[in-house]
Amino acid sequence: MSSTQDNKPSALHASKVQVPTSTSMPDNISLNKWEDTGFEWAGEEAPSSFERLATILASEHEQSNIVLNTTLYRRNNVLHLAFTLTGEVWLTCQRCLRPIAIDLSDEYDIALLDNESQIRLVNEEQDYLLLDEIVTEQSPERLLPFKKLVEDEILLKTPMAPKHDDCEMSVEQFGKIPEEEETENPFAALASLKGNL
0 MSSTQDNKPS ALHASKVQVP TSTSMPDNIS LNKWEDTGFE WAGEEAPSSF ERLATILASE
60 HEQSNIVLNT TLYRRNNVLH LAFTLTGEVW LTCQRCLRPI AIDLSDEYDI ALLDNESQIR
120 LVNEEQDYLL LDEIVTEQSP ERLLPFKKLV EDEILLKTPM APKHDDCEMS VEQFGKIPEE
180 EETENPFAAL ASLKGNL
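For the sequence shown, the residue numbers in numbering that gives the first Met the number 0 are 0 to 196.
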């Protein structure tokens, strides 16, 4: 769901945005606290810290941290979550079974809509989600599942069956392949009968 919109604020350059003091990536963003004032977070996160992504990472290669710059902002009375990812993850090639690097670098901008009537306020190309479907209510807060949304985009960017462009399929052979015995063609006898008729 990467964004192609040109007039959105960059996740790196949002104005009048408060920055929380936390250094680790938050699992959730409190909408009660940040949806009107804005939110910004920048940092690095280990790919293995994303629960679903961790299950497909190649264990044979060291994973580097993913750099993330995030802004939660409001435009045209619509809440947006914009973030920039920089980095790569190593998965296992489905042909040769060796590690393959998948580049995650991209910019994302997701409109977070209060209801379906707000769809008309965003461009046709704009990715959007309905807040009612993703926000968890934990009294007294409405929590946006920030880390899960970022992980969703990472998983959409990773191929289901990663493959190198120029590798051979790994084939393991166990034991000797028996040589085929030469047998007489069963139709040879029929051919000889045909000549006698």
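Yeah, the Cβ is synthetic: ideal placement off N, Cα and C, and Gly gets one too.
Could you give the residue range of the beta strand (DSSP E) that holds L78?
-> Residue 78 sits at position 79 when you count from the first residue of the sequence shown. Unbroken beta strand (DSSP E) run through L78: V77 to T85.
Just to confirm, are T157 and V66 a CB contact at a threshold of 8 Å?
-> As a position in the sequence shown, residue 157 is number 158, starting the count at 1. As a position in the sequence shown, residue 66 is number 67, starting the count at 1. Against a cut-off of 8 Å, the Cβ pair of V66 and T157 comes out as no contact.
Rounded C-beta distance between L71 and L84? I'm assuming under 8 Å.
-> By one-based count along the sequence shown, residue 71 stands at place 72. By one-based count along the sequence shown, residue 84 stands at place 85. Contact between L71 and L84 does not hold, since their C-beta atoms are separated by about 16 Å, which reaches or exceeds 8 Å.
Inter-residue Cα distance where the pair is C95 and D35 | What you label residue 95 is simply residue 96 of the sequence shown in a count that begins at 1. What you label residue 35 is simply residue 36 of the sequence shown in a count that begins at 1. In a straight line, the C-alpha of C95 is about 50 Å away from that of D35.
With 16 as the cutoff for other CB atoms within 10 Å, does T69 come out buried or exposed?
-> For the purposes of this step, residue 69 is taken as residue 70 along the sequence shown, with counting starting at 1. Its Cβ being crowded by 16 or more others within 10 Å, T69 is buried.
In its own chain, which residues sit with a C-beta less than 7 Å from the C-beta of E199, not counting the 5 before and 5 after it?
-> Not covered by the structure: residue 199. The range shown for the chain is 0 to 196.
C-beta neighbour in chain B for C95, strict 8 Å | No chain B appears in this structure, which consists of one protein chain only.
Just checking my contact of E59 with P25 at CB under 8 Å: how many whole Å lie between their CB atoms?
-> For the purposes of this step, residue 59 is taken as residue 60 along the sequence shown, with counting starting at 1. For the purposes of this step, residue 25 is taken as residue 26 along the sequence shown, with counting starting at 1. Beta-carbon to beta-carbon, E59 and P25 are separated by about 31 Å, too far to satisfy the 8 Å threshold.
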